[in-house]
Ligand SMILES: Cc1cc2nc3c(=O)[nH]c(=O)nc-3n(C[C@H](O)[C@H](O)[C@H](O)COP(=O)(O)O)c2cc1C
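In this note's numbering, the protein residues as written are 229 to 537.
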């Protein structure tokens, strides 16, 4: 997820049990131009195990050399984003716009397939553009035909953005239409949700997005069996490990921003956190942010040792 699922967050997700992670979308044009933020996102990390790197793009001319660079940087799987709904992305024919021109996209994916040889090539799609253009099955079938190895389906259309319920039955339609593995995505918040999605749709795997923000322990099957005290201790250990990883990975300014974003998510549901978040975003340094978190944590634990998650 753009702006969030960078190396430190994904290290934590893997430590909690995530099978594999994908980096934030990297714009192929920006990578080829040498934009520093794109190059930074393309950095590999051995602690992450199997790494998929995701590209945004609208042509083989940039996606092919960008994919080559990502493989050189340590990507084990190349994933093409065909679901991003953001206006400035789709206006340039990238993200979810790729689902609108199936034959042009088939040519791009074929070129990637030829270039990548035996490196797995995957795509992430939506249900389609809107309720008149819900063509996930057509796009998935085309992808299988050109040699894509696996597909993730977030079944909302581009018009639905992130609102309303994700129509899981569309994931089942894609599973029924292709033989390659399909990963289901959308509204999974717990292990029970994941099991239900697999049972209802027949998908081979489940991808968790927002349900992992502020709760990376969602990936840990053992977490649910812990008592309240053990859960709180586990959570604080994970948050501290995440803050340490942020501090190691980013320069001070970006580290502060990342800590602020993620701590705002970790503290959702804590009684005193709403007012605290205003203070959090005004803090000037990493040390001030860590101190403020420790103060809020101590006050929250003194009031009620079981945190709301
Ligand atoms: C802030 C934000 C950033 C996202 N960035 C990406 C992205 O870079 N690549 C991608 O494939 N999906 C991205 N997504 C979509 C999620 O991966 C996922 O498909 C969607 O949120 C539905 O699943 P969920 O209910 O588990 O969150 C993003 C979602 C959010 C909320």
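Ideal Cβ positions, reconstructed from N, Cα and C, are used throughout, including at glycine.
Cβ-heavy atom distance between residue i and ligand 1 below 7 Å?
i, result
"residue 232", "yes"
"residue 414", "yes"
"residue 309", "yes"
"residue 229", "yes"
"residue 437", "yes"
"residue 244", "no"
"residue 490", "no"
"residue 388", "no"
"residue 382", "yes"
"residue 431", "no"
"residue 366", "no"
"residue 352", "yes"
"residue 522", "no"
"residue 282", "yes"
"residue 253", "yes"
Is residue i helix, strand or coil when you go by DSSP?
i, result
"residue 538", "Examination of residue 538 is not possible in this model, given that the chain is present from 229 through 537 alone."
"residue 320", "coil"
"residue 282", "strand"
"residue 435", "strand"
"residue 395", "coil"
"residue 410", "strand"
"residue 249", "strand"
"residue 481", "helix"
"residue 489", "helix"
"residue 232", "coil"
"residue 389", "coil"
"residue 362", "coil"
"residue 271", "coil"
"residue 240", "helix"
"residue 401", "helix"
"residue 326", "helix"
"residue 441", "coil"
"residue 421", "helix"
"residue 496", "coil"
"residue 303", "coil"
"residue 513", "coil"
Taking buried to mean at least 16 other C-beta atoms within 10 Å of its own C-beta, is residue i buried or exposed?
i, result
"residue 389", "exposed"
"residue 238", "buried"
"residue 315", "exposed"
"residue 282", "buried"
"residue 538", "It is not possible to answer for residue 538, since the shown part of the chain is limited to 229 through 537."
"residue 319", "exposed"
"residue 447", "buried"
"residue 201", "Missing from the structure shown is residue 201; the chain here goes from 229 to 537 and no further."
"residue 486", "buried"
"residue 443", "buried"
"residue 257", "buried"
"residue 270", "buried"
"residue 472", "exposed"
"residue 507", "exposed"
I'd like to confirm the pairing. Which residues does DSSP put opposite residue i in its beta bridges?
i, result
"residue 472", "For residue 472, which the question treats as bridged, DSSP gives no partner whatsoever."
"residue 309", "352"
"residue 382", "354"
"residue 255", "284"
With hydrogens ignored, establish whether the beta-carbon of residue i is closer than 7 Å to any heavy atom of ligand 2.
i, result
"residue 474", "In the structure on display, ligand 2 does not appear, and the ligands it does have are ligand 1."
Measure from the C-beta of residue i to each C-beta in chain D and report whether the shortest distance is under 8 Å.
i, result
"residue 404", "Among the chains in the structure shown there is no chain D, since it carries only a single protein chain."
- Message: Pairs of beta-carbons, one from the stretch 422-439 and one from the stretch 367-374, closer than 8 Å: are there three or more?
- Response: When C-beta atoms of the stretch 422-439 are compared with those of the stretch 367-374, fewer than three pairs fall below 8 Å, so the two segments do not count as touching.
- Query: Three or more beta-carbon pairs under 8 Å between the stretch 287-305 and the stretch 245-263, yes or no?
  - Reply: yes
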